[in-house]
Amino acid sequence: MPKKPMTTDELAALIERSVAQKEDIESLRTDMAEGFTTLASSVETLASSTREGFENVTALLGKMHTTLETIAKEKTVLDTDHGLLEKRVARIEKRLHLKT
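Residue 27 in the working numbering is what sits at position 12 of the sequence shown, and the numbering runs on without skipping anything.
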């Protein structure tokens, strides 16, 4: 069955739809480009924040390590002092027993 030729009105309507679709496609392309720009910016911000957070955690771990080293040194000093005090107490107790 042969196709009947389009009327001028049908052809005009087809051209209008085609122009509208082209405009929609261009609008979608613009929206996508803006979306990708926003996404890239968000990823960059996330990467920067992650880097900054990692640097902060690293600095905090360094401080914690230093604090633990200080505590270990203080514990050694206290253990030594405790040992000396125990010896002194033992000598005093020994003297007291000798006097009685």
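Built from N, CA and C at the ideal position, the CB exists for glycine as well.
Taking the alpha-carbon positions, what's the histidine 112 to lysine 102 distance?
Locating residue 112 in the sequence shown gives position 97, where the first residue counts as 1. Locating residue 102 in the sequence shown gives position 87, where the first residue counts as 1. Here the alpha carbon of histidine 112 sits roughly 15 Å from the alpha carbon of lysine 102.
Cβ of threonine 91 within 8 Å of any heavy atom in the ligand FAD?
With respect to the ligand FAD, the structure shown offers nothing to examine, as it has no ligands at all.
Distance check for glutamate 31 and lysine 37, CA to CA, integer angstroms please.
On the sequence shown, residue 37 is found 22 positions in, with the first residue counted as 1. On the sequence shown, residue 31 is found 16 positions in, with the first residue counted as 1. Rounded to whole angstroms, the separation of the alpha carbons of glutamate 31 and lysine 37 is 10 Å.
Using three-state DSSP, classify threonine 22 as helix, strand or coil.
Here residue 22 refers to the residue found at position 7 when the sequence shown is read from its first residue. Of the three classes helix, strand and coil, the one that applies to threonine 22 here is coil, per DSSP.
Alpha-carbon spacing of lysine 88 relative to aspartate 96, whole angstroms:
Translated into positions along the sequence shown, residue 88 becomes position 73. Translated into positions along the sequence shown, residue 96 becomes position 81. Taken atom to atom, the span from the alpha-carbon of lysine 88 to that of aspartate 96 is near 12 Å.
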